[in-house]
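So the structure is just underneath, and the comments pick up after that.
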Amino acid sequence: MSKLLRIGVLASGGGTNLQAIIDRCKDGTLAAEIAVVISNNPGAGALERAHQAGISTLCINHRLFSCREEFDDAVVTALQESQVDLVVLAGFMRIITPTFIEAFPEKIINIHPALLPAFPGLHVQQQAIDYGARFSGCTVHFVDGGVDTGPIIIQAVVPILPDDSADTLAARILEQEHKIYPRAIQLIAEGRVQVDGRKVTILPVRPVAATALVNPALDD
Ligand code: GRF
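Each residue of the sequence shown is one higher than the last, beginning at -4 in my numbering.
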C-alpha cells in the first residue's frame, strides 16, 4: 500500500467537516491519515470527535498568546512536529499569518460555505440570502495571504430556496461540504492537483458535463 497523506486538521467549532474526513479515512475512500487535530477553542466539538476516533488532539488557546504571530508559531511547530504533508482548515476561525503560510507553501487548504469569489468572510449564508442570490454553495481552496482568496480546487452549487433561513441554507451547503472536502484531499493525495497562479488543474484533464443549473427552472 502506498504511503498515506499525513494531514493536520485545524478546527474551532463542531467539527462536522472533520467528522466527514475521519469517516472517509476509515472507509478507505480517502488515502490519508489524520496526524493531529488542533483547536484554538478548548470547547470545540471537533476535539471531542477526534478524541472519539482515537486521533491525537492539541488545544492551543489563542487567548493565552500576546499576538497572532506567537499563536501561529505554536501551531506551526505542532504541525511540523506531527510531520504533516497538508494542513486542512475545517471551520478554523482564526486568520493565519504570512509566516504560517510560508511554512506550508501550497499545503494549506480551507473550506468556505459560499461560491467564491462571491461572499468571502463571515455570515455568508445570510449575506447570500439578503443579496437575493439564486445559488450558493461551497468552495475548497488553497490558502493565500487574503481572506478566502486562494486558488479554487473544487466547488459545489446549491439553490437558494424562497423560504430559506441562514440555517436551512447552511445545512444544505454543509451536506455538500462533507462530500467535496474529503474529495479535494483525495485529489491532493493522488498528486492530481496542479496549481499555476490562480488556476488549479485536476489531472488527468477529463471532460466536465456542461450542464447548466437554472433557478427558477426554465419550465417553471
Ligand atoms: C463550515 O460551514 C465551513 O465551511 C466553515 O465553518 C463551518 C464549520 O463547520 N468554514 P464544522 O465545524 O465543520 O461543522
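Don't be surprised by glycine CBs; every beta carbon is placed ideally from N, CA and C.
The alpha helix (DSSP H) spanning residue i covers which residue range?
i, result
"residue 173", "161 to 184"
"residue 16", "11 to 22"
"residue 99", "Segment: none, residue 99 is in no alpha helix (DSSP H) and carries neither H nor E."
"residue 44", "40 to 47"
"residue 119", "119 to 126"
Ligand 1 and residue i: does the residue's C-beta get closer than 8 Å to at least one heavy atom of that ligand?
i, result
"residue 169", "yes"
"residue 199", "no"
"residue 110", "no"
"residue 57", "no"
"residue 221", "This structure leaves residue 221 out entirely; the chain is present only between -4 and 215."
"residue 9", "yes"
"residue 106", "yes"
"residue 43", "no"
"residue 156", "no"
"residue 3", "no"
"residue 35", "no"
"residue 218", "This structure cannot settle anything about residue 218, because the visible part of the chain is limited to -4 through 215."
"residue 145", "no"
"residue 69", "no"
"residue 164", "no"
"residue 172", "yes"
Got a sec? Which residues, its chain only, sit under 8 Å from residue i by beta carbon, not counting five neighbours each side?
i, result
"residue 95", "67, 70, 71 and 103"
"residue 28", "-1, 0, 1, 2 and 20"
"residue -3", "26"
So the beta strand (DSSP E) residue i belongs to, where does it begin and stop?
i, result
"residue 78", "From DSSP, residue 78 is part of no beta strand (DSSP E); its letter is neither H nor E."
"residue 218", "Residue numbering for the chain in the displayed model covers -4 to 215; residue 218 lies beyond these limits and cannot be assessed."
"residue 52", "52 to 54"
"residue 239", "This structure cannot settle anything about residue 239, because the visible part of the chain is limited to -4 through 215."
"residue 86", "Element bounds for residue 86: n/a, residue is neither H nor E."
"residue 105", "103 to 107"
"residue 1", "0 to 5"
"residue 61", "First-last for residue 61: undefined, no H or E at that position."
Does residue i pass the burial test, meaning 16 or more other C-beta atoms within 10 Å, or should it be called exposed?
i, result
"residue 90", "exposed"
"residue 20", "buried"
"residue 172", "buried"
"residue 196", "exposed"
"residue 158", "exposed"
"residue 108", "buried"
"residue 206", "exposed"
"residue 138", "buried"
"residue 143", "buried"
"residue 41", "buried"
"residue 58", "exposed"
Given residue i, which residues of its chain have a CB within under 7 Å of its CB, disregarding the five upstream and five downstream residues?
i, result
"residue 152", "110, 130, 132 and 208"
"residue 161", "120, 121 and 124"
For ligand 3, is there a heavy atom less than 8 Å away from the beta-carbon of residue i?
i, result
"residue 30", "Absence of ligand 3 from the depicted structure is noted, with ligand 1 being the only ligands included."
Short of 6 Å in beta carbon distance, which residues of its chain neighbour residue i, apart from the five on each side in sequence? Order them along the chain.
i, result
"residue 88", "7"
"residue 54", "34 and 37"
"residue 5", "33, 84 and 87"
"residue 80", "0 and 1"
"residue 179", "135, 148 and 149"
9 Å is my cut-off, CB to CB: does residue i come that close to chain B?
i, result
"residue 57", "Chain labels in this structure do not include chain B; a single protein chain is all it has."
Exercise. Would you say the segment 47 to 56 touches the segment 112 to 123, given that touching needs at least three Cβ pairs under 8 Å?
Worked result: no
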